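Read through the structure below, which is laid out as structure tokens, and then see the notes.
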Amino acid sequence: MRRAGRCIIYFGASPRTHPMPRCWMCENCSTEDVQHFHQFIVRQAHTMEAQEMAQHMHEHLTASQPAAPALPAPKEILAHIQKHMLHPHVRVAQILRNLLDLAEMLQELVVSRAEDGTPLIDVRTVTVYLKVVAEIMQVYRTSDLSKMLFAETDA
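Going by the working numbering, the sequence shown opens with residue 7, and the numbers climb by one from there.
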């Protein structure tokens, strides 16, 4: 492992394991393009899905460096955003999206129907659902709400 600018580059998991593939975004974090991408990710994490950001960055890299060898694929950029970006704005946005997805899935599982059509409520699922909702509310309470894009403001 070595530090390059503000990034950490992992060259291998450990001497006893298989080497980890290198992350193009981490290796090139001192370049102007990647620094611009990191700023873009931090600014837009609350407005765009990580997959969409990765696709935009891939298209920009391909257009701006058509002859460059070994540019990262969108899935590699996505992995960088999801695994290597530790900025709080990026992580909070990811955590909140994951919790909201989980809450939505649990909400669908809370009520089922018996064979005769009678609604059945799974109390254990309701309990888990309420805990997830409490975690979502905690994220909202502890986060910078201006970074969650409830509405565009001029201020």
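Ideal Cβ placement from N, Cα and C applies to all residues, glycine included. Only a predicted model underlies this, so the values are computations on that prediction, with no experimental measurement involved.
Can you find the residues in the same chain that come closer than 6 Å, C-beta to C-beta, to residue i, ignoring five residues on each side of it along the sequence?
i: residue 67; result: 77
i: residue 149; result: 98
i: residue 118; result: 126
On the DSSP bridge assignment, give the partners of residue i in chain order.
i: residue 80; result: Note: residue 80 sits in no beta bridge, so no partner.
i: residue 127; result: 117
Closest to residue i by C-alpha separation, out of the options, would be which residue?
i: residue 95; options: 32, 126, 106 and 44; result: 44
i: residue 130; options: 115, 75 and 39; result: 115
i: residue 90; options: 106, 126 and 47; result: 47
i: residue 52; options: 124, 103, 117 and 122; result: 103
What does a CB cutoff of less than 8 Å around residue i pick up in its chain, not counting 5 residues either side in sequence?
i: residue 64; result: 77, 78, 79, 80 and 83
i: residue 100; result: 51, 56 and 88
In chain order, what residues of the same chain have a beta carbon less than 7 Å from the beta carbon of residue i, not counting five sequence neighbours either side?
i: residue 160; result: Per-residue confidence for residue 160 stands at a pLDDT of 48, beneath the threshold of 50, marking its modelled position as unreliable; no derived number is given.
i: residue 109; result: 135, 138, 139 and 142
i: residue 60; result: 80, 83, 84 and 87
At what residues does the alpha helix (DSSP H) containing residue i begin and finish?
i: residue 32; result: 30 to 33
i: residue 60; result: 56 to 70
i: residue 39; result: 38 to 50
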